[in-house]
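Notes follow the structure.
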Amino acid sequence: MKKTEAAVDVLAVGAHPDDVELGCGGTLASLAARGRSFGILDLTRGESGTRGTPQIRASEAAAAAKVLGARFRQGLDLGDGGLRTDRDAELQVIEVVRRFRPRIVIAPFPADRHPDHVRASRLATEASFYAGLRALKGGAAHRPQSVIYYASSYTQQPSFFVDVTDFFETKMKAIRCFSSQFYDPSSTEPETVLTQKTFLDAIEARARAYGKLINVTYAEAFVSPRPPTLADPVAAFAGYEPGFDGPLR
Ligand SMILES: [Zn+2]
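Going by our numbering, the first residue of the sequence shown is number 10, and it counts up by one from there.
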């Protein structure tokens, strides 16, 4: 593969195919509608899932990427259920960052229920920094401006929200592309937490709860070590329900 491709604005990283859709699919679809380019990097093939096979998940992932409007989707094979974060794994992620030169990397929250998500978060964060070291051979150095984090199982105090009301159906359509993983009454494979209807209901409920905080129907939450800069604080709070916001937390 070529050492560099056309640069993307955003690289969204997940441990397993479908993590990115669940955590920030609405935001990615909204970025695409704004003319922003993004790619998806799945660090594993999802081979430890109870249902489906890596082959099935690869074709589901390709279909979901198309629904969201991704420029590319790439999968690594770092081991589902024991995700590797050794130097070789790091170099593989660095290679992708250098090849696509994203301005922003979106990774899973650093704290989560699934250890692969925790490892993916750290791997994406550290590889994004190391990719900028000129002394490190293998492609032109590139460091994204920032790494921000999307919610998975657990939630944290968000740094900011993205209104995804107009793109929530697109997000759910992308999630439904992973038909081997989620609610499918016709499946004969074993039931898991993920395959219950309540799992997708909870995804919707959380997006609604986040949306309520900013007075829109659906939102996705992000954590950022450095707060984003607002050009217009007045516009940023437009539509909020008037209220008393103190004391500061
Ligand atoms: Zn996952």
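By construction, the Cβ of each residue, glycine as well, lies at the ideal position given by its N, Cα and C atoms.
Fair warning: this is a prediction, and the values are worked out from it, not measured in the lab.
By Cβ distance, which residues of its chain are closer than 7 Å to residue i, with the 5 residues on each side in sequence left out?
| i | result |
| --- | --- |
| SER57 | ASP89 and GLY90 |
| ALA116 | VAL22, ALA129, SER130, ALA133, THR134, VAL156 and TYR158 |
| CYS186 | GLU69, ALA72, ALA73 and VAL76 |
| GLN154 | ARG112 and ILE113 |
| ALA136 | GLU99, VAL102, ILE103 and VAL106 |
| PHE138 | ARG152 |
| THR238 | none |
| ASP172 | ILE223, VAL225 and ALA228 |
| LEU142 | ALA150 |
Rank the options by C-alpha distance to the C-alpha of residue i and give the top, closest one.
| i | options | result |
| --- | --- | --- |
| PHE191 | GLY220, LEU40, LYS206 and ASP28 | LYS206 |
| ALA183 | GLU69, THR13 and LEU20 | GLU69 |
| THR174 | ALA21, GLY141, ARG108 and ALA38 | ALA38 |
| GLU198 | LEU145, ARG60 and ASP254 | ARG60 |
| GLN64 | VAL171, GLU200 and SER189 | SER189 |
| TYR227 | LEU40, MET181 and TYR219 | TYR219 |
| MET181 | GLU30, ALA15 and GLY44 | GLU30 |
| GLU250 | LYS221, LYS146 and ARG235 | LYS221 |
| THR93 | ASP241, PRO119 and VAL127 | As written in the sequence, residue 93 is Arg, which differs from the Thr given in the question. The residue with the shortest Cα to Cα distance from ARG93 is VAL127. |
| GLN165 | PRO119, HIS123, GLU14 and ARG96 | PRO119 |
| HIS123 | LEU203, ARG96 and THR179 | LEU203 |
Suppose contacts are defined by Cβ-Cβ distances below 8 Å. Is residue i in contact with residue j by that definition?
| i | j | result |
| --- | --- | --- |
| ASP339 | SER46 | Past the edges of the chain, shown from 10 to 258, lies residue 339, and the structure says nothing about it. |
| LEU87 | THR53 | yes |
| GLU213 | GLY35 | no |
| ARG152 | ALA140 | yes |
| PRO167 | PHE208 | no |
| ASP121 | SER162 | yes |
| PHE169 | SER233 | yes |
| ALA216 | GLY32 | no |
| ASN224 | GLY248 | yes |
Give every residue of the same chain whose Cβ lies closer than 6 Å to the Cβ of residue i, excluding the five residues on either side of it in the sequence, and list them in chain order.
| i | result |
| --- | --- |
| GLY148 | LYS12 and ARG107 |
| ASP51 | GLY23, PRO26 and GLY84 |
| PRO194 | none |
| ALA245 | LEU239 |
| GLY55 | HIS25, PRO26, ARG66 and ASP89 |
| ALA41 | GLY78 |
| GLY44 | none |
Enumerate in chain order the residues of its own chain whose CB-to-CB distance from residue i is below 8 Å, with the five nearest sequence positions on each side excluded.
| i | result |
| --- | --- |
| GLY48 | VAL17, VAL19, LEU20, ALA21, ALA79, ARG80, PHE81, ARG82, GLN83, PHE109 and PRO111 |
Counting only C-beta atoms, is residue i closer than 8 Å to chain D at any point?
| i | result |
| --- | --- |
| GLN166 | Of the protein chains in this structure there is only one, and it is not chain D. |
Practice task
Specify which residues have a beta carbon nearer than 5 Å to any heavy atom of ligand 1, listing them in chain order.
Solution key: ALA24, HIS25 and ASP28
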